[in-house]
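K.L.:
Numbering (the numbering used here), first residue to last: 21 to 293. Handing you this structure, nothing more for now.
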Ligand SMILES: [Zn+2]
């Protein structure tokens, strides 16, 4: 009882403090969005700087790699990376998903949005598709600049916050909806970076099925990868390389997976693990 009363007291104190802040805002003019952003960034930099990561990879602590279910369901995820050669879109694949009523999560990088502004809004307006965060500059998520595939990770917590939060805000501004899922460029993380992502309100999404290996697989290999799915698999694929085998591989695998009793679901349909 005493503990409860203390909690109530704390809640009341916090409420008054917030009220005071709100009133100050009114009196002196609301702080600009930029000030608000910098303050948020400072708080997170203070909280996480100085921590040394021990893990580095695609499956580090905190990354969600599958749906927690034994049902025969698969979640398809497609990255749109936006590098110089990665600004395309596989419209045949997108139309296929739409026609077949297959829900999918689309991890979109800021540079891809800038290259395809109208298509981005069209995809975001389709209730089948969940728009997710694939970073501002497509950097591996690091708090100390580790690199992979020759791509430098974010060099510190501040850069990581920019990488995640600036694209989240860009997506929210364009669609009215803040993304809740984040996959870094290259899908590499250290475990502190995963915690920073969570602090920024994102669930960090990895994969259990490597669907197209960065859009390098020929179609038959993509199909074989998809057919290796088990209940609750999250499949990582790409939607930005129409010249690759990804689209054809997916289109060939879908009817076979359905014949085996699999359904296609959203990341939000099940708890993640
Ligand atoms: Zn990517």
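Every residue, glycine too, gets a C-beta built ideally from N, C-alpha and C. None of the values given here were measured: they were computed from a predicted structure.
Could you name the residues that DSSP lists as bridge partners for residue 284?
P.N.:
Its beta-bridge partners are 94.
K.L.:
With a threshold of 7 Å on Cβ separation, who are the neighbours of residue 178 within its own chain once the five nearest residues in sequence on each side are excluded?
P.N.:
Cβ within range, chain order: 61 and 65.
K.L.:
Helix, strand or coil, according to DSSP, for residue 51 in the structure here?
P.N.:
Three-state DSSP puts residue 51 in coil, outside helix and strand.
K.L.:
Should residue 232 be listed as close to ligand 1, given that the test is whether its C-beta is under 6 Å from any heavy atom?
P.N.:
No, ligand 1 has no heavy atom inside 6 Å of this Cβ.
K.L.:
Got a sec: does ligand 1 put a non-hydrogen atom nearer than 6 Å to the Cβ of residue 99?
P.N.:
Correct: residue 99 has its Cβ closer than 6 Å to ligand 1.
K.L.:
Return the residue from the list 231, 129, 217 and 125 that minimises the CA-CA distance to residue 146.
P.N.:
For the residues 231, 129, 217 and 125, the minimum Cα distance to residue 146 belongs to 125.
K.L.:
Suppose you measure from the CA of residue 159 to the CA of residue 225; what does that come to, to the nearest Å?
P.N.:
Distance between the alpha carbons of residue 159 and residue 225: 15 Å.
K.L.:
Enumerate in chain order the residues of its own chain whose CB-to-CB distance from residue 78 is below 7 Å, with the five nearest sequence positions on each side excluded.
P.N.:
The answer, listed in chain order, is 207, 208 and 226.
K.L.:
Would you say the beta carbon of residue 173 is closer than 6 Å to some non-hydrogen atom of ligand 1?
P.N.:
No.
K.L.:
So, helix, strand or coil for residue 65, using DSSP?
P.N.:
Residue 65 falls in the helix class under three-state DSSP.
K.L.:
Does the Cβ of residue 81 have 16 or more other Cβ atoms within 10 Å, making it buried, or fewer, making it exposed?
P.N.:
Flag for residue 81 reads exposed.
K.L.:
Ends of the alpha helix (DSSP H) at residue 151?
P.N.:
Residue 151 -> not in any alpha helix (DSSP H); beta strand (DSSP E) instead, spanning 149-153.
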